[in-house]
Amino acid sequence: MLQDLMVFARKNRDIVYSLFRRYQQLGKPLMLGSELWDVFVDYCEDAGVADLETSPLAAALKKTQDAAIVDSWIYLDIRPGVARWHYLRYHFEAMTFEEISAARFLAFKENLINAQPDERILEIDFAPFERDFPKMNQVRSIGHGVEFLNRRFSSRLANELTRGDELLLSFLRVHGYQNTPFMINGSITSVSELRRALTGGMEYLDRQRSDLQWSDLEHDLRGMGFEAGWGRTMYGIRKTMSLLADLLEAPDHQNLEKFLGRIPMIFNIAIISPHGYFGQDHVLGLPDTGGQVVYILDQVRALEREMQRRIYMQGLEIEPQILILSRLIPEAGKTSCNQAEELVHGTEAVRIIRIPFREQDGSIIPHWISRFEVWPFLEEFSREAEKEVLARLGRRPDLIIGNYSDGNLAATLLAQRLGVTQCNIAHALEKTKYLYSALYWSQMEEQYHFSFQFTADLIAMNAADFIITSTYQEIAGSPDVVGQYESYSSFTMPGLQRVIHGIDVFDPKFNIVSPGASEEVYFPYREEKRRLTGLHPELEQLIFGDDLTDSRGRLEQREKPILFSMARLDRIKNLTGLVQWYGENERLRDLVNLLIIGGTVHSENSDDSEERDQIDKMHELFVRYDLAGQVRWLGLRLDRNLSGELYRYIADRRGAFVQPAFFEAFGLTVIEAMASGLPTFATRYGGPLEIIENRVSGFHIDPNHGEETAGILADFFSGCLADPALWQRISDEAIKRVEARYTWKRYAKRLLSLTCIYGFWKYATNLEHQEINRYLEMLYHLQFRPRSARISRQP
1 MLQDLMVFAR KNRDIVYSLF RRYQQLGKPL MLGSELWDVF VDYCEDAGVA
51 DLETSPLAAA LKKTQDAAIV DSWIYLDIRP GVARWHYLRY HFEAMTFEEI
101 SAARFLAFKE NLINAQPDER ILEIDFAPFE RDFPKMNQVR SIGHGVEFLN
151 RRFSSRLANE LTRGDELLLS FLRVHGYQNT PFMINGSITS VSELRRALTG
201 GMEYLDRQRS DLQWSDLEHD LRGMGFEAGW GRTMYGIRKT MSLLADLLEA
251 PDHQNLEKFL GRIPMIFNIA IISPHGYFGQ DHVLGLPDTG GQVVYILDQV
301 RALEREMQRR IYMQGLEIEP QILILSRLIP EAGKTSCNQA EELVHGTEAV
351 RIIRIPFREQ DGSIIPHWIS RFEVWPFLEE FSREAEKEVL ARLGRRPDLI
401 IGNYSDGNLA ATLLAQRLGV TQCNIAHALE KTKYLYSALY WSQMEEQYHF
451 SFQFTADLIA MNAADFIITS TYQEIAGSPD VVGQYESYSS FTMPGLQRVI
501 HGIDVFDPKF NIVSPGASEE VYFPYREEKR RLTGLHPELE QLIFGDDLTD
551 SRGRLEQREK PILFSMARLD RIKNLTGLVQ WYGENERLRD LVNLLIIGGT
601 VHSENSDDSE ERDQIDKMHE LFVRYDLAGQ VRWLGLRLDR NLSGELYRYI
651 ADRRGAFVQP AFFEAFGLTV IEAMASGLPT FATRYGGPLE IIENRVSGFH
701 IDPNHGEETA GILADFFSGC LADPALWQRI SDEAIKRVEA RYTWKRYAKR
751 LLSLTCIYGF WKYATNLEHQ EINRYLEMLY HLQFRPRSAR ISRQP
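The sequence shown begins at 1 in the numbering used here and counts up by one.
Okay, structure coming up:
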């Protein structure tokens with residue numbers, strides 16, 4: 001692309017110059033790629049050069065993310081494809097392009113913000129630490145890091161084993177529980193002895209009855225050098241031995257993954273999620289409390305079941321333990337967030353352990369604190385969490401999972417002190433939610449404290465052993481949209497730090513592990529025997545009844561289908577945008593009613609400034625479009641069983657679900673609605689783009705084009721009137737899509753397998769990266785920690 005652009009610019013100097021002069025004359029120092037393209041299209045029309053839209057210049061502008069324009073220079077960052085970046089500058093007098101470095105591009109943008117740019121700004125660059133580490137190079141491999149590592153290291157393993165390497169043997173030796181060894185005992189001291197023992201062991205098993213179990217064979221196998229952990233049944237024991245024997249003979253990446261997944265390695269997990277109200281009842285819809293809580297609660301139920309299954313099949317008698325570490329909030333309202341410990345419903349031993357945030361004098365802070373304000377408390381939180389974990393488990397956990405920016409930083413601190421495998425789950429990275437959030441960080445600092453959050457993200461991303469995401473989009477976006485993690489590859493925060501190389505999405509630590517919806521709660525509307533029909537009178541009262549305390553509007557035409565949306569009431573979730581689209585489209589208003597569940601109807605009941613702004617806007621929209629008889633707004637928090645039956649109730653009435661967010665990292669409500677059989681329309685920005693097959697199992701919508709979206713909705717419902725099979729077809733395909741791709745059972749198996757594999761590579765190679773860990777410690781102690789101490793600890 002660049003070479004073609006350079007050639008075109010030399011041959012068409014007048015066209016390029018006149019177009020760029022038009023950009024310059026707009027007087028805008030920063031222009032988004034979409035703005036550049038719109039001006040380009042207008043230029044082509046004005047100049048009568050329509051064929052220019054197929055030129056190399058058009059191709060470059062189409063892929064430009066933004067431009068910086070000052071005096072005689074225009075700087076462009078061009079993204080020709082996923083995770084591929086080029087930086088150019090154009091000089092108006094010389095009329096030539098020049099390729100430049102990322103650092104130079106970022107420095108130029110800093111000049112736009114700071115009248116006196118700091119020549120000594122901190123530059124952060126992780127690239128030197130990664131030079132000798134294997135990286136993927138195919139875009140299609142992004143998010144499949146474990147497969148890459150298995151292929152890479154099975155080859156290495158083959159070479160080392162031909163020289164008598166004892167890598168696998170030494171790895172097997174370290175496994176045990178409470179001083180009880182697993183797999184092999186001290187009588188096997190070399191790889192050759194292990195091979196002989198495996199041959200003898202499999203020959204011995206071939207002579208035994210197939211219905212015998214480990215307890216029947218234990219005495220003889222122990223005499224051959226084997227300990228518990230190979231399996232419970234005859235088949236399981238022999239299968240594990242056969243996999244290892246095959247690996248020792250001819251390593252294969254698929255057998256390597258299967259064998260590592262069968263080693264007893266995971267008995268205890270610590271999950272970190274500090275912010276918001278982490279509870280099981282009466283919390284959804286409270287500030288900073290939504291999909292992440294639901295995700296973790298469903299996650300731990302699935303993980304406990306899968307851990308129990310694996311431990312049983314390994315022939316062991318150990319009860320797995322999972323601890324969720326969150327914040328204790330004394331002023332917890334109707335929630336249980338003031339309880340220090342709570343058993344998770346539907347589990348045998350998963351516990352929520354709540355640890356308070358403290359003032360500098362050690363006193364407990366009683367009130368809720370925004371997720372943007374938690375940074376001064378996380379270090380002490382992690383230290384108290386460490387004591388709780390060790391006291392309750394009696395040992396180090398086998399895995400630590402961080403959640404969101406604050407939980408990932410706390411997990412980093414905890415994992416580094418304990419020397420434990422660390423997994424990060426971002427859920428949503430704030431950096432891509434707010435336009436120019438890094439460049440204009442200082443203007444947003446008082447409200448959002450992005451200087452802390454983005455630095456914490458960099459530290460945690462680079463410290464993690466592996467990172468799981470729900471979608472490919474989350475990592476690397478699409479050909480036209482920058483991925484959330486990709487946005488951290490290089491950026492600047494003028495006056496604070498310039499990130500030359502922050503994270504590489506080709507790093508094999510990234511893995512896509514999609515969650516699901518609880519199959520006990522969210523199931524198809526057509527499964528009549530499972531339905532909670534006793535809730536229907538309550539649902540009818542909520543939807544059609546007289547005004548409730550926290551409601552506005554009344555659906556006067558009950559026979560219409562219901563268009564439904566449920567989310568937090570904040571700007572990104574865009575519920576007010578949906579109401580505005582509905583209010584402005586008469587055809588849609590004639591076809592359906594609109595039901596909104598989110599936030600609270602009374603602004604005085606909200607402690608969140610952004611939510612209060614959205615509440616005021618919602619009320620204004622009701623008045624502006626006279627929506628009182630067509631829109632029902634409920635400021636309620638429904639329990640899961642009620643919300644599950646609500647999806648199905650709306651499906652009974654041939655309604656649909658809308659997720660109108662400007663960005664959605666994954667989209668649990670999308671999965672819930674689809675699993676219930678409700679046709680779903682969801683934002684094309686983020687996870688729903690992958691979840692939904694457009695016009696097959698649902699519909700993609702663009703929240704930036706509300707009129708177009710309202711038209712898509714109206715077309716669907718009018719199409720259903722003409723052809724009732726349309727609704728049924730989309731509903732059936734939505735159910736099939738979720739059943740095939742998005743279940744918690746699949747999720748739990750994959751996450752535990754990843755933990756086993758990354759645990760092995762951490763042991764077998766220098767994945768711990770001592771050098772980069774020292775760099776991260778410096779960044780934490782010299783950049784993050786001093787700044788976090790300056791945040792006021794007052795609400």
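C-beta: ideal position from N, C-alpha, C; glycine also.
Quiz item: Along the chain, where does the beta strand (DSSP E) that runs through Tyr472 open and close?
Solution: Here Tyr472 belongs to no beta strand (DSSP E); instead the alpha helix (DSSP H) covers Tyr472 to Ala476.
Quiz item: Considering only C-alpha positions, which residue in the set Ile671, Arg640, Glu707 and Asp206 is nearest to Ile691?
Solution: Ile671
Exercise. Would you mind giving the Cβ-Cβ distance between Leu594 and Val631, rounded to the nearest angstrom? I have them listed as a contact below 8 Å.
Key: 5 Å
Self-check item: Beta-carbon proximity check, Val374 vs Leu323, cutoff 8 Å
Solution: no
Quiz item: Under 8 Å between the Cβ atoms of Ile369 and Leu325?
Solution: no
Practice problem: Could you give the DSSP three-state label for Thr162: helix, strand or coil? | Solution: Residue placement at Thr162 is poorly supported in this model, since its pLDDT is 49, which falls under 50; the coordinates are not used for a value here.
Quiz item: Can you name, in chain order, every residue of its own chain whose Cβ lies under 7 Å from the Cβ of Leu112, other than the five neighbours on each side?
Solution: Pro29, Leu30, Ala68 and Val70
Quiz item: What does a CB cutoff of less than 8 Å around Glu306 pick up in its chain, not counting 5 residues either side in sequence?
Solution: Lys745, Ala748, Lys749 and Leu752
Quiz prompt | Extent of the continuous beta strand (DSSP E) to which Asp406 belongs | solution = Premise fails: Asp406 lies in the alpha helix (DSSP H), Tyr404 to Leu418, not in any beta strand (DSSP E).
Quiz item: Expressed to the nearest angstrom, what Euclidean distance is found between the alpha-carbon atoms of His91 and Glu486?
Solution: 29 Å
Quiz item: Alpha carbon to alpha carbon, what distance is there between Ile467 and Arg653?
Solution: 41 Å
Quiz item: Between which two residues does the beta strand (DSSP E) carrying Pro356 extend?
Solution: Val350 to Pro356
Practice problem: With a threshold of 16 other CB atoms inside 10 Å of the CB of Leu5, please say whether the residue is buried or exposed. | Solution: buried
Quiz item: Where does Ser551 sit, in a helix, a strand or coil, going by DSSP?
Solution: strand
Practice problem: Determine, using beta-carbon pairs with one atom in the stretch 625-642 and one in the stretch 532-552, whether at least three such pairs fall under 8 Å. | Solution: yes
Quiz item: When you compare only the Cα positions, how much space is there between His144 and Asn150?
Solution: 10 Å
Quiz item: Regarding Glu93 and the ligand ZN, is the C-beta to nearest heavy atom distance less than 7 Å?
Solution: Among the components modelled here there is no ligand, and therefore nothing to report on the ligand ZN.
Exercise. Determine the burial state of Thr162: buried for a count of at least 16 other Cβ atoms within 10 Å of its Cβ, exposed for fewer.
Key: Confidence at Thr162 is low in this model, with a pLDDT of 49, below 50, so the placement of that residue should be treated as unreliable; the coordinate-derived value is given next. So Thr162 counts as exposed.
Practice problem: Identify whether Asp616 lies in helix, strand or coil by the three-state DSSP scheme. | Solution: helix
Quiz prompt | Residue from His781, Ile572 and Val499 whose Cα sits closest to the Cα of Leu409 | solution = His781
Exercise. Hey, could you find the ends of the beta strand (DSSP E) Trp861 is sitting in?
Key: No answer is possible for residue 861: it lies beyond the span of the chain, which begins at 1 and ends at 795.
Quiz item: In three-state DSSP terms, what is Asp42?
Solution: helix
Quiz item: Can you round the beta-carbon distance between Arg232 and Gln213 to whole angstroms, since I take them to be within the 8 Å contact cut?
Solution: 6 Å
Quiz item: Leaving out five residues before and five after Cys720 in sequence, what residues of the same chain have Cβ atoms less than 6 Å from its Cβ?
Solution: Leu726 and Trp727
Quiz item: Using the C-alpha atoms, what's the distance from Ile459 back to Gln416?
Solution: 12 Å
Quiz item: By how many angstroms is the C-alpha of Val350 removed from the C-alpha of Leu256?
Solution: 31 Å
Quiz item: In terms of DSSP beta bridges, what is Trp633 paired with?
Solution: Arg552 and Ile596
Exercise. For Leu636, count neighbouring Cβ atoms within 10 angstroms of its own Cβ and tell me buried if that reaches 16, exposed if not.
Key: buried
Practice problem: Could you tell me which residues DSSP puts in a beta bridge with Ala68? | Solution: Leu30 and Tyr75
Quiz item: Which of helix, strand or coil does DSSP assign to Gly834?
Solution: Because the chain here runs from 1 to 795, residue 834 falls outside it and cannot be looked at.
Quiz prompt | Between the CA atoms of Arg84 and Gln580 - distance to the nearest angstrom | solution = 37 Å
Exercise. Please state whether DSSP places His86 in a helix, a strand or coil.
Key: strand
Practice problem: May I ask you to report which of helix, strand or coil DSSP gives Glu193? | Solution: helix
Quiz item: CA-CA distance, Met461 and Pro494?
Solution: 22 Å
Quiz item: Can you tell me the Cα-Cα spacing of Val482 and Arg173, whole angstroms?
Solution: 44 Å
Self-check item: Straight-line gap, Phe126 to Arg120 (C-alpha atoms, nearest Å)
Solution: 18 Å
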